[in-house]
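J.: Here's a structure for you.
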Amino acid sequence: MLTLRKALFSVSLVPVFLLLAIICQGVPPNYDDIRTFERRLPQHSSSVISRGQHQPQYVRFPGHLWGYGFNNILQEAILMSYLAYVSNVSFVFEDYTWSHSPLPWTIYDFALRPARIPFNALISGPTAGGPMPSASDAPRAVSAEFYMHVCGGPEGKRRVISSVNAPNDADGSTMIDWWASQLKSVREPCIEIDSSTHDVFDRFFFGNPRILSLWDDLIASPMLSDFAWSPLVQAAVSRNFALLQPESAKDLYDAHSKKSLSGLVALHLRRGDYIRHCPNLAEWGADYMGINQHPVLPDRFDRSPYVNDTDARLAYYLGHCWPSTEQVVEKLRDVREEYPGLRRVYVLSNAGAWSLDELKSALEEDGWDDLVSSADIVLDSEQKYVAMAVDMAIAEKAEVFVGNGFSSLSSNVVMLRMAKGMEGQSNRFL
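According to mature numbering (1 follows the signal peptide of the UniProt record, and there is no 0), the sequence shown holds residues -26 to -1, 1 to 404 in order.
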């Protein structure tokens, strides 16, 4: 009986030890200073509401994505804010939400992480309420908190538009035109989109070249022409100047500079859950993300020769989605032949530092001067939880970017690079 009692006591301590292990890793920051910054944006002033004869209009998307990776949320937010812009209404931006926990944090991978992060901890610019120098008369985006202050009370006049009749399978331009016509017909100040029937912009849209019909207008819009990473992200990039070795530190400080980090190739090497996802892509017969099928991009994905050969098809997909060390080295060698000035490699990866040792050794043997990765970047406690944006800001500035064509992160990096005028040829895929 004593032995059983000890066993039960030991078992009862397991949750306690797990909780202690989680807490010992630290409590995430609350980003209160950034929330204060958002509350003090000029469009959130009460005088804006009462000024003049024209009452501002706001459009909110309550069915927005949450619980997904940052880049799924970012691509959706950019398109939604673009729709608001062409409709001449204020976009309502949300927190980057991982969980709807009543607590400010949740548990993920046996560690605490913020349940919600203010969008301005990740990006600046029009989609997060920033100014639009290229369209100064356009209404600026407002926060969900401000929207609820204006539209959440009994006096709030809300108009709900359903996605049930939206042309969800049409090309991007047709979809935007349909939604814009709906929004422009509304006179109420507060508009909400009911996407319970169908997402306004779903994953099939982003994974399809239908999005490319929007390309010229989208990259010319303030959403991309005035896009910037948050000061928190930019500070992290600048802090790591010694690792990135810019010709001039000013190249890192200027968020809008179109000058690249000469000699640097940024490589997106997705690992982790892709060990399961890549075989699924082969089974589904998936193509690259829609943006990654832009005709000016040099690397194409053609699965047609392998349609009737399951093993060959899987091998083809893995070579582009989960490449071996040898395949990565060969790809970077080919890219270096086109860009002889490349000397250094920055690896954006969710893999542990130890797992990149083999790749680092292989690249050094192949003549590369240096390899640094996400794991080498020095971050403070607030920057730690926006590290994916830090990676992207570095990749955006690299002389050449080599991405994973199936990844929304790679797709967004390509989009941001091309919106800044970087040549399509400088964007490659594994």
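The beta carbon of each residue, even a glycine, is placed where N, CA and C say it ideally should be.
None of these values were measured; they are calculated from a predicted model.
Kindly indicate the opening and closing residues of the alpha helix (DSSP H) around V309.
T.: Looking at the DSSP string, the run of the alpha helix (DSSP H) that includes V309 is T299 to E312.
J.: For the ligand PLP, is there a heavy atom less than 6 angstroms away from the beta-carbon of R287?
T.: Among the components of this structure there are no ligands whatsoever, and the ligand PLP is therefore not found.
J.: Can you give the Cα-Cα distance for A(-6) and I81, rounded to whole angstroms?
T.: Reliability of the predicted coordinates at A(-6) is poor, the pLDDT of 49 falling under 50, and no value is obtained from them.
J.: T148 by DSSP, collapsed to three states: which one?
T.: T148 falls in the helix class under three-state DSSP.
J.: Report buried or exposed for G126, applying the criterion of at least 16 other Cβ atoms within 10 angstroms of its Cβ.
T.: With fewer than 16 other Cβ atoms within 10 Å, it is exposed.
J.: In three-state terms, what does DSSP make of T171?
T.: Coil, per DSSP.
J.: Do V303 and A336 have their CB atoms nearer than 7 angstroms?
T.: A contact, by the Cβ cut-off of 7 angstroms.
J.: Note down the Cα distance separating I185 from Q267, rounded to an integer number of angstroms.
T.: Cα to Cα, I185 sits roughly 10 angstroms from Q267.
J.: How about H18 and F120: are their beta carbons less than 7 angstroms apart?
T.: Closer than 7 angstroms, so yes.
J.: When burial is assigned at 16 or more other CB atoms within 10 Å of the CB, is E338 buried or exposed?
T.: Its Cβ having fewer than 16 others within 10 Å, E338 is exposed.
J.: May I have a chain-ordered list of the alpha helix (DSSP H) segments no shorter than 4 residues that lie completely inside the segment 186 to 219?
T.: Listed in chain order, they are 189 to 194, 196 to 199, 205 to 213 and 215 to 218.
J.: If we ignore side chains and look at the alpha-carbon of each, how far apart do S212 and D225 end up?
T.: Each residue's alpha carbon lies about 9 angstroms from the other.
J.: Who are the near neighbours of S400 in its chain, counting only those whose CB is closer than 6 angstroms to its CB and skipping five residues on each side?
T.: Closer than 6 angstroms at Cβ, skipping near neighbours: V374.
J.: Would A109 and A240 be called neighbours here (beta carbons separated by less than 7 angstroms)?
T.: It is not a contact, given that the beta carbons lie outside the stated cut-off.
J.: Would you mind working out which of V352, L322, G326 and L345 sits nearest L383, comparing C-alpha positions?
T.: The option with the nearest alpha carbon to L383 is L322.
J.: Can you have a look at S136 and say buried or exposed, based on whether 16 or more other CB atoms are within 10 angstroms of its CB?
T.: Exposed, because fewer than 16 other Cβ atoms sit within 10 Å of the Cβ of S136.
J.: Restricting to Cα atoms, I'd like to know which of D7, A140, A349 and F65 is closest to Q156.
T.: Ranking the options by Cα distance to Q156, first place goes to A140.
J.: DSSP three-state label for A240, please.
T.: Strand, per DSSP.
J.: How is residue 406 classed by DSSP in three states: helix, strand or coil?
T.: No answer is possible for residue 406: the residues shown for the chain start at -26 and end at 404.
J.: Please return the same chain residues whose Cβ sits closer than 7 angstroms to the Cβ of N46, not counting the five positions on each side in sequence.
T.: Only L39 and S382 meet the Cβ criterion.
J.: Below 8 angstroms on the Cβ atoms is my guess for Y359 versus P76; work out the distance and round it to an integer in Å.
T.: Not really, about 19 angstroms apart at Cβ, beyond 8 angstroms.
J.: Report the residue from S61, R287 and G43 whose alpha carbon sits nearest the alpha carbon of S73.
T.: Ranking the options by Cα distance to S73, first place goes to G43.
J.: Evaluate contact between the segment 192 to 200 and the segment 271 to 281, counting only Cβ atoms and requiring at least three cross-stretch pairs below 8 angstroms.
T.: The segment 192 to 200 vs the segment 271 to 281: no contact.
J.: Would G315 and G237 qualify as a contact pair, given that the criterion is a beta-carbon distance under 7 angstroms?
T.: Against a cut-off of 7 angstroms, the Cβ pair of G237 and G315 comes out as a contact.
J.: For W296, which residues from the same chain have a beta carbon less than 7 angstroms from its beta carbon, with the 5 sequence-adjacent residues on both sides left out?
T.: Within the same chain, W296 has close Cβ partners Y248, I249 and C252.
J.: In terms of alpha-carbon separation, which member of R114, Y291, F178 and I165 lies closest to G379?
T.: When only C-alpha atoms are compared, the closest one is Y291.
J.: Let me know the alpha helix (DSSP H) ranges lying completely inside the segment 70 to 136, each 4 residues or longer, listed in chain order.
T.: Those alpha helix (DSSP H) runs which fall completely within the segment 70 to 136 and span 4+ residues are 118 to 125.
J.: Taking C-beta to C-beta, are F67 and A115 nearer than 7 angstroms?
T.: Yes, the Cβ-Cβ distance between F67 and A115 is below 7 angstroms.
J.: Helix, strand or coil for D7? Go by DSSP, reduced to three states.
T.: Note: D7 maps to helix in three-state DSSP.
J.: Return the CA-CA distance between L255 and S385, expressed in angstroms with no decimal places.
T.: The alpha-carbon atoms of L255 and S385 are separated by roughly 16 angstroms.
J.: Of all the options V388, V134 and P279, which has the alpha carbon lying nearest to the alpha carbon of S170?
T.: The option with the nearest alpha carbon to S170 is V134.
J.: Among Y280, F175 and Y32, whose alpha-carbon lies nearest the alpha-carbon of P113?
T.: Looking at the Cα atoms, Y32 is the closest of the given residues.
J.: Just checking my contact of S347 with A327 at CB under 8 angstroms: how many whole Å lie between their CB atoms?
T.: The Cβ separation is near 7 angstroms, so the contact holds.
J.: Find the nearest neighbour of D308 within the set V376, A367 and I351, judged by alpha-carbon distance.
T.: Comparing Cα positions, the closest option is V376.
J.: So, for E397: in the same chain, excluding its five sequence neighbours on each side, which residues have a beta-carbon less than 6 angstroms away from its beta-carbon?
T.: None.
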